[in-house]
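**Q**
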Amino acid sequence: SGIHHCLGATIARVEGQEVFSALAERYPNLELATHEREYQPSITFRSMKDLPVSLN
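Per this note's numbering, residue 2 is the first one in the sequence shown, and the count goes up by one each step.
(1) Does DSSP put residue 37 in a helix, a strand or coil?
(2) Report the CB separation of residue 56 from residue 30 in whole angstroms; it is logged as a contact under 8 angstroms.
(3) Roughly how many angstroms lie between the CA atoms of residue 27 and residue 15, to the nearest whole one?
(4) Whole angstroms are fine: how far does the CA of residue 51 sit from the CA of residue 36?
Listed below in structure tokens is the structure:
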């Protein structure tokens with residue numbers, strides 16, 4: 002947001018939504034394997050180190 006905005010942010014958001022929708026459709030029992038999350042140290046971009054899931 003603000004006067005400076007990444008033009009690719011909207012595309013990345015749509016891609017992420019499509020990926021997670023496709024995963025949920027293909028693997029209906031997909032769930033997080035843990036509720037603990039660890040983030041990469043950064044002052045500019047918040048990202049998780051990993052996202053463990055279970056397919057049950």
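Think of the CB as a built atom: it goes at the ideal place given N, C-alpha and C, for glycine as much as any other residue.
Treat the numbers as computed from the prediction; the structure is a model and nothing was measured.
**A** Taking the geometry as given:
(1) coil
(2) 6 angstroms
(3) 18 angstroms
(4) 12 angstroms
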